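Encoded as structure tokens, the structure appears first; notes follow it.
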Amino acid sequence: MKFNTENGLRRIVLSLGVSAGLLIATGAQAKDTVELGFIGPLTGGVSSVGLGGRNSAELAVKLRNADPDSKYHYELVVLDDECKPNVGVQVATKMATDRKVVATIAHYCSSVAMGTVDVYHRFGLPATVWGAVLPDITYGNDYAEITRVNGTMINQNETAAQFMTELGYKTFAIIHDTTDYGKGHNKYLSQFLTQNGAEVVGTFGVTSDQQDFTAELTQVKSLNPDVVVYAGLTPGGVRVRQQMKKLGIEAVFEGVSGIKSDVFFEGLSGDLAEGAVTFLEGAPAEKLPGGAYFLKEYAAADFDSPPEAYGPFAFAATDLLIDAVEASGPDRKAIVKYMSTVKEHDSITGPITFDNHGQNTVARITAYVAQGGKWVVWEDSDYAKGTLSLAAPK
Amino acid sequence: MDLGLIAQYLANGILLGTMYALVAVGFTLFFGVLDVIKFSHGDVLMLGTFIGFTAWLGLEAVGILKPWIQLLGVLLCSLAGTALIGAAIAKWLILPLKKAPQLNTLLITLMLGTAIREAVRLFYPNGSNPKAFPALLPNSSIEIGNFALRADSVILVVSGLALIGLLNLVINRTRLGLAIRAVAQDEETARTMGINYTLVVLATFAIGSGVAAFAGIMNGLYYNEINFGMGLILGLIGFSAAIIGGLGNLYGAILGGFLFAGLQVIGAALLPFASAYKDVFAFSVVIALMAWKPTGLIPERSSDRV
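So the protein lines, in turn, are chains A and B. According to my numbering, the first sequence holds residues 1 to 394 in order. According to my numbering, the second sequence holds residues 1001 to 1306 in order.
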């Protein structure tokens, strides 16, 4: 192939012109505009949660921009971490090196957040976690930049273990993915189950994108537990539940916060999802202090996907960071300082108080059961009322 | 260990093995006729499965709801579509590169695979989420102690093995098979004997891709779930199976497929350490086997190569 120099040169000149034009265009707007980042899984198996979080963050920005009293105009810079640690570190670095971004709302996937907290710390970018639940994200370091509005899996599993043992279940088999998220859940759930007098009869580590679980489940079948727990995200949960049926395992299927997504029902045909139990920090949007307001505004904004489980937290995180900018100006250091003083801060998920690791101390865990193709709060479900029942303890 | 459990592991292993063998057969066919390794094989398989899934959505939309007719439609569309794609890849990407170093073919198919995978992820509606593949086979099962024998697994294994058998017949008993074997042995001589070389190559790629699509549909029917990344690991396993069996040998591919499935099941079931390492175990054994027998368990007769 011959290289056409003249044509190539023309292209270079043209592209230079275009980029110069773009620079001028953004430069003209930069005044009074404050950029906030949002990072979450917008593609891949858990993208529905990521999109719900992004929409909720956008909603918070939109509502504040409509407020005539706000001092700045806010813009959301959205990046996709694909729920992959390597991609997460790339986009976090991109976000952190963009000096126009003053703070970011970041991560649903714990394995990604574990990789990126160092990046935020190195570049001094305040990052507020909106969905990842691994304790070490806040407790594993002393980074002042990192804060988290949702609870951790310690709270989640403490409640889960207590809840299940109170229902009379004694033996548990745990299948967990080998990411930080799955391993963390396995660790805390096993610990609290044992404390509550139950027995973990088998633990199986699996890769997070594993397709075939029949070998693990065949072993589970021989152990004959009351409950099969999958500690991982929705795609894996769907496969485990699917293949439990194939092997004829009669046990309660218990998940963790990572499977509480509406995609769980899309991936499972028939009534396979029915009777699955899972736990989640916070409470359903309509039961939160500011839930009615959030849902009304979310519906009014006409997004094409639901807020999903963590939408309210993304909204609260965004709103909190905007409050920080309003109070202390669009400066990273000032925001970090402001965040360390947050106490009883009003939000739609309830008052936010950060401890000295930036972790919101308000732990509120809700149990859910799959009923009629929806996640229903346990207390409101037909299972709690006794009209339906889970597989009985053996 | 309980007898029912052993039977269960065996049944799981046989099903996986059939699936792997079907993928491995493609690799071995392509290598046989053209001496190329087509790395996009797994992603072509995934594409074929999505074609089948789309056909199912179409049938649902026009109101054809009988599972057997749906299954037939899905298989027909998927196999035919994928066979065409396979032939097209051979014609426009692989044959033109025949005189180039083999590395180029390897690279171009590797890139093609990535392009197909990303295209499905980005352009198929909601393509990044897993899709619930319909259960079109009867879901009855017989429980014998700890062993659940499912009708759908039996049908899948039987039809998979039947397809391999049919392929074997085609290769060994038909004029097309004769032509394929002739080209595999010596291209020059085959040409002088009046064999339409291009046609034989295209037919081989069509057959190999169609068989892979069958494995993809099988995968979908068994797990009731498909996703854009399913071809990646299946392709890798199929390739390894073809290599340990002996690249270029049909029986080797089948042997390799079952061997790999067996290793995975053993890795998950019998080894004392966590099942998370079952793929590590299976691939390590493959490495060891390759060190021991570099040309595979059933090597191609060396006279074919000179």
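Cβ atoms here follow ideal geometry from the backbone N, Cα and C, with glycine treated the same way. Given the structure is predicted, the values throughout are model-derived calculations rather than measurements.
- Boundaries for H73(A): no alpha helix (DSSP H) harbours it, while the beta strand (DSSP E) harbouring it runs 73-80, taken from the DSSP string.
- For G1073(B), the enclosing alpha helix (DSSP H) begins and ends at 1067-1089.
- Rounded to whole angstroms, the separation of the alpha carbons of L1271(B) and Y1009(B) is 14 angstroms.
- Taking every protein chain shown into account, the CB of R54(A) has 16 or more other CB atoms within 10 angstroms, so this residue is buried.
- Taking each of A1212(B), Y1222(B), S1284(B) in turn and checking the Cα distance to I1051(B), the smallest one comes out for A1212(B).
- In the three-state scheme derived from DSSP, where H, G and I count as helix and E and B as strand, H345(A) is classed as strand.
- Closer than 8 angstroms to the CB of D142(A) there is not a single CB belonging to chain B.
- T207(A) and R1175(B) have their C-alpha atoms spaced approximately 46 angstroms apart.
- Counting only Cβ-Cβ distances below 8 angstroms, V1265(B) has contacts in chain A at A215, in chain order.
- Residues of the stretch 1268-1289 of chain B with a C-beta atom less than 9 angstroms from some C-beta of chain A are A1268, A1269, A1274, S1275, A1276, Y1277, K1278, D1279, listed in chain order.
- For Q242(A), the residues of chain B that pass the 8 angstroms Cβ criterion are Y1223, N1224, E1225, in the order they occur in the chain.
- Closer than 8 angstroms to the CB of P235(A) there is at least one CB belonging to chain B.
- When 8 angstroms is used as the limit between beta carbons, S111(A) is near no residue of chain B, the shortest such separation being about 15 angstroms.
- A residue is called buried once 16 or more other Cβ atoms fall within 10 Å of its Cβ, and A1261(B) is buried on that count.
- By the criterion of at least three beta-carbon pairs nearer than 8 angstroms, the stretch 87-100 of chain A is in contact with the stretch 114-127 of chain A.
- In terms of Cβ geometry, N1224(B) and S269(A) form a close pair [threshold 8 angstroms].
- Taking 9 angstroms as the Cβ-Cβ cut-off, the stretch 1042-1076 of chain B has no residue approaching chain A.
- For I1254(B), the CB contacts under 8 angstroms within the same chain, skipping 5 residues up- and downstream, are A1021, A1024, V1025, I1164, G1245 in chain order.
- Closest option to G1210(B), judged by alpha-carbon separation, among A1090(B), L1084(B), A1179(B): L1084(B).
- Rounded to whole angstroms, D323(A) and A283(A) show a C-alpha spacing of 23 angstroms.
- Taking C-beta atoms as the reference points, S110(A) and G40(A) fail to come closer than 8 angstroms.
- When the alpha-carbon of L134(A) is set against those of L321(A), I154(A), T104(A), D355(A), the nearest one is in I154(A).
- For chain A, the residues of the stretch 1015-1036 of chain B that bring a beta carbon within less than 7 angstroms of one of its beta carbons are L1016, in chain order.
- Per the DSSP secondary-structure output, A106(A) pairs in a beta bridge with I39(A), V129(A).
- At least one beta carbon of chain B lies nearer than 8 angstroms to the beta carbon of S47(A).
- For S190(A), there is no enclosing beta strand (DSSP E); the enclosing alpha helix (DSSP H) has its first and last residue at 180-195.
- C-alpha of Y310(A) to C-alpha of Y108(A): approximately 8 angstroms in a straight line.
- At a cut-off of 8 angstroms between C-beta atoms, Q90(A) does not count as an interface residue with respect to chain B.
- A check of alpha carbon separations from N356(A) across Y120(A), A132(A), A144(A) identifies A144(A) as the nearest.
- Of Q243(A), F294(A), T147(A), G50(A), the smallest CA-CA separation from Y338(A) is found for T147(A).
- Annotation: the continuous alpha helix (DSSP H) that includes H1041(B) extends over 1041-1062.
- Taking a cut-off of 8 angstroms on C-beta distances, the stretch 188-200 of chain A does not touch the stretch 1197-1207 of chain B, as fewer than three cross pairs fall below it.
- Rounded to the nearest whole angstrom, the CA to CA distance from F279(A) to Y368(A) is 6 angstroms.
- Annotation: Cβ neighbours of M1230(B) in chain A (cutoff 8 angstroms, chain order): Q211.
- Scanning its chain for C-beta atoms nearer than 6 angstroms, with the 5 sequence neighbours on each side dropped, one finds around M1046(B) the residues M1230, G1231, in chain order.
- Contact with chain B is absent for K296(A), since none of that chain's Cβ atoms lies less than 8 angstroms from the residue's Cβ.
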